[in-house]
Amino acid sequence: MDVAWLSRTFLDLAEEHRVPGAQLAVHHSGVTTTVEHGEELYGSGRPVGTKSSFPFGSVTKPFTATLVAQLAGEGELDLDAPIGVHLPELAGMRATPRHLLGHTGGLVAEHRPAGAAPSPRSYVARCRDLVPLSPPGLRFSYSNVGYYLLGRLIEVVTGQDWPDAVTGLLLAPLGITPVFRCFPPGPTVGGHVVRAGRVQPVPGEFPVFRAPAGGLAGSAADLVRFGRVLLGEGPSFVLDAAGARLMRGEPTGAAPFGLADGWGLGLARFRHAGTDWFGHDGGSDGTTAHLRFDPANGIAVAVTTNSADGTRLWEDLAAEARIGSYGTSAPPGPPVPGPPGCAGEYRNGDNHYSVRPGGAGFRLDMGTATALDMTFHEGLVFDAGRTAAGRPVYVGRFGRDSDGAIAVLEVAGRVARRIPDGEDPR
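Numbering-wise (the UniProt record's numbering), the sequence shown opens with residue 1 and increments by one.
Here's what the structure looks like:
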């Protein structure tokens, strides 16, 4: 990997995508290189430095997964025992830690309790009556809820709050100074979006119970330092080679359509030119974070940004540098008419989707400001929305029930079930 070229390309793409501030870190041939761009806050004059802390978003999940792998390796918990063995509030739940780590637990993506944001302990109690999407192990459906439960599992097994456990068992041994978005919040870089051609800041608020799924912050260099553990270059008492292989292995039922090429225990797999890269992506309140590592060649790469458009920066950088990333593209083959019976309302926990006739065919409403035009392909596959470069925003598919009727919508790795006609979609 040509690190100098990668650094120049990163800076060029940051300018092209109008990203106010960003960091790149690359570990290659035993050397870690860092590059910084722009300002922590647009127009503030505060330059991004090597230690500027960006929210990691869902890249927090591999940290939580590593803690679970540690505890399993030490015999403190059984990956294949029902979660209720340690969390009696969930005694009836059949999903195991292995299911939850790999998003095959059949749980909804998001469940937001009414009223004040609960503590991790009280959140688990409010999940007692969650209705599963499917039996555990049957299929992949990305779930933040699963990681909220894993965070509480770590607390019960270790006898420490999640931030203390992740600091003492993982961050401190790696020389990473902990920064959290709560507990209370640390000094983190704020996010931005571009609206009507203007760069605008995005306010953020982060409830405590969500921390194990998205509550960490730090630098791209911190992410690379963590990635080296997953490469097998970190202290063995943090995670040994067997634990790293365990996290990269793919559990039965993991097929993350439209999100990655595969999924292990807390890590996505992305294949590019015959090479398997592992890692995770995150986005939160106008910020993005991306981590990739290649075990075969001992390379780790991380990018953090303070812009919602940081995802496009990352996709372009990954494509040009031949780094594994899913990078949505239109499915092969010519477009076909939308399948009869696909229009309707679909739900995954608190997430609601509508498919309605519109434009030249159908539109997908995901609760954002604009419904997305859908283009259909063979096999009930579709892409939805297009960027200025003509790339789809999402790729998804529909599924039929045993009677042949369309009953499932799958998009961005989330499975949503059709809401019966006449039932309140909200």
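Backbone N, C-alpha and C fix where the C-beta goes; we use that ideal spot for every residue, glycine too.
- Task: Report the residue from Val166, Ala69, Gly359 whose alpha carbon sits nearest the alpha carbon of Ala241.
- Result: To locate residue 241, count along the sequence shown from 1; it is residue 241. The residue with the shortest Cα to Cα distance from Ala241 is Ala69.
- Curious, which full-length alpha helix (DSSP H) runs of at least 4 residues does the region 274-358 contain? Listed in chain order, the complete alpha helix (DSSP H) runs (minimum 4 residues) inside the region 274-358 are 310-321.
- Pick from Ala308, Phe278, Gly286: whose alpha carbon is nearest that of Ala302? For the purposes of this step, residue 302 is identified with residue 302 of the sequence shown, where counting begins at 1. Answer by Cα proximity: Phe278.
- Message: Quick check on DSSP: helix, strand or coil for Met374?
- Response: Here the question's residue 374 lines up with position 374 in the sequence shown. If DSSP states are grouped into helix, strand and coil, Met374 belongs with the strands.
- Item | Supposed contact pair Leu265 and Ala65 - C-beta distance, whole angstroms, cut 8 Å | As a first step, residue 65 is located in the sequence shown; it is residue number 65 there, counting from the start. As a first step, residue 265 is located in the sequence shown; it is residue number 265 there, counting from the start. Indeed they touch by this definition, with Cβ atoms about 6 Å apart.
- Query: Looking at C-beta atoms only, is the number of pairs between the region 214-233 and the region 23-36 that lie closer than 8 Å three or more?
  - Reply: The region 214-233 vs the region 23-36: in contact.
- Please state whether DSSP places Tyr42 in a helix, a strand or coil. Here the question's residue 42 lines up with position 42 in the sequence shown. Tyr42 falls in the coil class under three-state DSSP.
- Message: Looking at the secondary structure, which residues open and close the alpha helix (DSSP H) in which His99 lies?
- Response: Locating residue 99 in the sequence shown gives position 99, where the first residue counts as 1. Counting along the chain, the alpha helix (DSSP H) containing His99 begins and ends at 97-101.
- Query: At which residues does the alpha helix (DSSP H) containing Val85 begin and terminate?
  - Reply: Position 85 of the sequence shown, counted from the first residue, corresponds to residue 85. From DSSP, Val85 is part of no alpha helix (DSSP H); its letter is neither H nor E.
- Query: Do Asn348 and Val415 have their C-beta atoms closer together than 8 Å?
  - Reply: Mapped onto the sequence shown, residue 348 falls at position 348. Mapped onto the sequence shown, residue 415 falls at position 415. Cβ distance < 8 Å, so Asn348 and Val415 count as in contact.
- How is the alpha helix (DSSP H) around Leu246 delimited, first residue to last? By one-based count along the sequence shown, residue 246 stands at place 246. Element bounds for Leu246: 241-248.
- Task: Could you tell me which of Ile154, Leu170, Glu410, Arg139 sits nearest to Val85, measuring between CA atoms?
- Result: By 1-based counting over the sequence shown, the position of residue 85 is 85. For the residues Ile154, Leu170, Glu410, Arg139, the minimum Cα distance to Val85 belongs to Ile154.
- Message: Helix, strand or coil for Glu36? Go by DSSP, reduced to three states.
- Response: For the purposes of this step, residue 36 is identified with residue 36 of the sequence shown, where counting begins at 1. Assigned with DSSP and collapsed to three states, Glu36 falls in strand.
- For Leu216, write down the residues that DSSP places opposite it in a beta bridge. Looking up residue 216 in the sequence shown gives position 216. Answer is Phe180.
- Note down, in chain order, each residue of its chain lying with its Cβ closer than 6 Å to the Cβ of Val59, except the 5 sequence neighbours on either side. Your numbering for residue 59 matches position 59 in the sequence shown. Cβ within range, chain order: His280, Gly282, Ala289, Leu291.
- Query: What's the gap between the Cα of Arg271 and the Cα of Asp261?
  - Reply: Looking up residue 271 in the sequence shown gives position 271. Looking up residue 261 in the sequence shown gives position 261. About 7 Å.
- Query: DSSP beta-bridge partners for Val395?
  - Reply: Looking up residue 395 in the sequence shown gives position 395. In the DSSP output, where bridge partners are listed per residue, Val395 has Asp383.
- Task: Determine the closest residue to Leu6 out of Arg139, Glu320, Arg128, with distance taken between C-alpha atoms.
- Result: Translated into positions along the sequence shown, residue 6 becomes position 6. Residue Glu320 is the option with its Cα nearest to Leu6.
- If you run the structure through DSSP and keep just helix, strand and coil, what is Phe237? Working through the sequence shown from its first residue, we reach residue 237 at position 237. Coil at Phe237, not helix or strand.
- Since Arg271 sits in a beta bridge, which residues does DSSP pair it with? Residue 271 sits at position 271 when you count from the first residue of the sequence shown. Its beta-bridge partners are Asp276.
- Message: Considering only the alpha carbon of each residue, which of Gly43, Thr375, Glu74, Pro184 lies closest to Arg198?
- Response: On the sequence shown, position 198 is the one that residue 198 refers to. Closest by alpha carbon: Gly43.
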